[in-house]
Structure formats: C-alpha cells, structure tokens
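Working notes, structure below.
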Amino acid sequence: MDIIFDLKPDSDWASAFNEEVNKGFPEYFKEHPLIGSDEW
Numbered sequence: 001m002d003i004i005f006d007l008k009p010d011s012d013w014a015s016a017f018n019e020e021v022n023k024g025f026p027e028y029f030k031e032h033p034l035i036g037s038d039e040w
C-alpha cells in the first residue's frame, strides 16, 4: 500500500494522520511503525 501525502506545517501532523490511517486500516500499525516516529 502506498500512501501519498503532503507534510503539513502543523507540528502534530503525524498524530492526526496516524489516527486517520488507523480508522481506515486498523491492522496497519501492527506491522508498521507509527508515521513520524523514530522507527519510521
């Protein structure tokens, strides 16, 4: 799965994006790190 997005100027862009991904694909973060995290 490829996700294409523009980085937002808001410092909390990753949290909002992670919430949206989690709503649509709840299994995604079981195998992938949170977007914007150190592991990412």
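Residue 1 is where the sequence shown starts when you use UniProt numbering, and the numbers rise one by one after that. Note that CB positions come from ideal geometry on N, CA and C, so glycine has one too. Given the structure is predicted, the values throughout are model-derived calculations rather than measurements.
Alpha-carbon spacing of residue i relative to residue j, whole angstroms
i	j	result
residue 19	residue 28	11 Å
residue 40	residue 34	6 Å
residue 26	residue 17	13 Å
residue 12	residue 24	19 Å
Cβ neighbours of residue i in the same chain (closer than 6 Å, five flanking residues each side left out)
i	result
residue 36	14
Own chain, CB closer than 8 Å to residue i, minus 5 neighbours either side, in chain order
i	result
residue 21	3, 28, 29 and 35
Please give the ranges of any beta strand (DSSP E) in the segment 13–38, keeping only runs that are unbroken, at least 3 residues long and fully inside the region. Scanning the segment 13–38 for uninterrupted beta strand (DSSP E) segments of 3 residues or longer gives nothing; none is fully contained.
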